[in-house]
Amino acid sequence: MPKRDIREYKNLSRWQSQSHSRTQSSIRKRKGKVKVINSIGDFLNINIFGWMVHYFKSRFGPKHKFQNYTSHNGVFQMIPDDRGEIKISIAADWGTNTEESTNIGQLMNAEHSDYTIHLGDTYFVGAPQEIDSNFISPGNPWPRGKSGTFTIPGNHEFYSNGNSYFDKLLPEMYAVDNVGKKLTQEASYFCLETEHWRVLGLDTGYNSVGRPIIELIFSPNAHLEETLLTWLREVVNLKDNKGLILLTHHQYTSSFDSRFPKPAQQLEKIIGSEKEVIWLWGHEHRFAVYGKYQVDGGIPAFGRCIGHGGMPIEVGSRKSIPRKKKIKRFGLVLTDNRVREFVDDTPVGHNGYATLTIRGNALTIEHKDESTWLMREEWTVDLNGTIAGKDAVVNSCLGLLQTAPAKFAIGLPEEESKLK
Ligand SMILES: [Fe+2]
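See the structure below:
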């Protein structure tokens, strides 16, 4: 049973001091054996003393050492099923331990996927009991794939220095190889690959927090660690002919919020400026689809924000509909700003996840909410490793906010100039 109520996460800022305050509040309630069904009122009256105790207790101290693979190389071969398919279910910002996140976990479980992947942020600060309740303790709601499960960290895991992420969560993550041997995810990044496709989970969380207090003023750029870049250069052969699907916590582009272009610029040094990739991320608590996007010195990417895994989705405000200028400049094609229900007086939107189905050189991505599909997209990769969008369909019955034709989402060349 979920131990938290979605009301706890309403209006949750990514400002970490509030994160600490909220965890402190939750811990206080559990210790006091009070039934943990929190309301938004708990978070309007911030316990300054409690926040300070928790912040100083868990935020200060050294960040956990960045880890590399030691017993294997972190490149996992995916094995198709009898139908020649591989299915991967992915959620981001899922770790809230609410009825909503449990529901999404059950839906992902019902997909009977080969792999499941979490794109980070276990709330509120990735503390041991939060990792336990979401991923480890008996009956935890995180779904495991038939052949494995993985996670990359977001910023929230590092609000407690990443200790629980590295020491408690990673040892629970694994892939089963072709002889049934379990290989543990030993680092905060991984590669899942087939003959035609490569799914790369990359850690942008490690450098998304900085020094305590100072980080509240200057936001770090979420760059990729040199250890990870070395692994990409020397272990993963990124210059071969596989199609690339990138997974990170932080967004490359956004029409709603700030952007984190640095990882794309670091990757450009390895794979060049021509190779287009599909890129799924979270961090922003919404579902949003973008057309082709590329910054100076960065790689070209088709981005999908799937940060609607478990947090309440902010809808109904000015922030949930970006200005036209930002829509065009940063490539928004589609977003889901429907109201699912009112929690107290606050409208919240739909939670959801994505499934990737690989069949040879073909890839289908389905974006889903709690009850239906939102968008389907189909891709292929050719012998040179060049991806091509074949089709994109939006579920027109739902009334999603569509700012451009669906084909912009897969970058049909003749349409790209019109988007700009
Ligand atoms: Fe985040």
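Quick note: the sequence shown uses this note's numbering, first residue -11, plus one each step.
All C-beta atoms in this analysis are idealised placements derived from N, C-alpha and C, irrespective of residue type, glycine included.
Check, Outcome
"Heavy atoms of ligand 1 versus C-beta positions, residues under 5 angstroms", "Asp109, Gly142, Asn143, His271"
"Sub-8 angstroms separation of Thr334 and Leu389 beta-carbons", "no"
"Residue span of the alpha helix (DSSP H) that contains Gln173, given as start and end", "Where Gln173 is concerned, there is no enclosing alpha helix (DSSP H), given that its DSSP letter is neither H nor E."
"Buried or exposed by the 16-neighbour rule on C-beta atoms within 10 Å, applied to Lys23", "Any answer about Lys23 is weak, because its pLDDT of 29 lies below 50 and its placement is not dependable; what the coordinates show is given next. Label assigned to Lys23: exposed."
"Among Lys316, Val187, Gly136, Gly127, the one whose alpha carbon lies nearest that of Thr236", "Val187"
"Boundaries (first-last residue) of the beta strand (DSSP E) holding Pro335", "334 to 336"
"Top-ranked residue by Cα proximity to Glu174, from Met161, Asn166, Val167", "Met161"
"Gln282, DSSP secondary structure in three states", "coil"
"C-beta contact flag for Asn383 and Thr360 at 8 angstroms", "yes"
"Per DSSP, cross-strand counterpart(s) of Ser77", "Thr104, Thr343"
"Own chain residues within Cβ distance below 7 angstroms of Gly189, not counting five before or after", "Ile105, Phe138, Ile140, Tyr177, Phe178, Leu235"
"Three-way DSSP call (helix, strand, coil) for Lys156 in this model", "helix"
"Within 8 angstroms, strictly: CB atoms of Gly83 and Ser77", "no"
"Residues near Glu99 in its chain [Cβ-Cβ closer than 7 angstroms; skip 5 each side]", "Lys75, Ser77, Thr343"
"Alpha carbon of Gly340 to alpha carbon of Lys356, nearest angstrom", "5 angstroms"
"Exposure of Gly319, with buried meaning 16 or more beta-carbon neighbours within 10 Å", "buried"
"Element boundaries [alpha helix (DSSP H), containing Glu118]", "116 to 119"
"Stretch pair the stretch 47 to 54 + the stretch 148 to 164: three plus CB contacts closer than 8 angstroms", "yes"
"Supposed close pair Leu95, Glu358 - CB separation, criterion 8 angstroms", "7 angstroms"
"Assigned secondary structure, Ala392 (DSSP; H/G/I helix, E/B strand, else coil)", "coil"
"Cβ contact check for the stretch 307 to 317 and the stretch 51 to 60: 3 or more pairs under 8 angstroms", "no"
"Any non-hydrogen atom of ligand 3 closer than 7 angstroms to Lys75 Cβ", "Among the ligands in the structure shown, ligand 3 does not appear; only ligand 1 can be found there."
"Residue from Arg292, Gly337, Tyr240, Asp332 with nearest C-alpha to Phe396", "Arg292"
"Option nearest Tyr281 by Cα separation, candidates Gly136, Gln253, Glu73", "Gln253"
"Validate contact between the stretch 156 to 171 and the stretch 120 to 135 using beta carbons, cut 8 angstroms, 3 pairs", "yes"
"Where Trp82 sits in the DSSP three-state scheme", "coil"
"CA-to-CA distance, Asn209 to Arg247, given in whole angstroms", "9 angstroms"
"Contacting residues, own chain, Cβ-Cβ under 7 angstroms from Leu295 (five flanking each side not counted)", "Before going further, note that residue 295 is Gly rather than Leu in the sequence given. These residues qualify, in order along the chain: Ala80, Asp81, Gly270, His271, Glu272, His273, Arg274."
"8 angstroms Cβ shell around Arg326 - same chain, five flanking residues per side excluded", "Val303, Gly337, His338, Leu386, Gly387, Leu388"
"Where the beta strand (DSSP E) containing Phe206 begins and where it ends", "Taken as a continuous stretch (DSSP letters only), Phe206 belongs to no beta strand (DSSP E), as it is neither H nor E."
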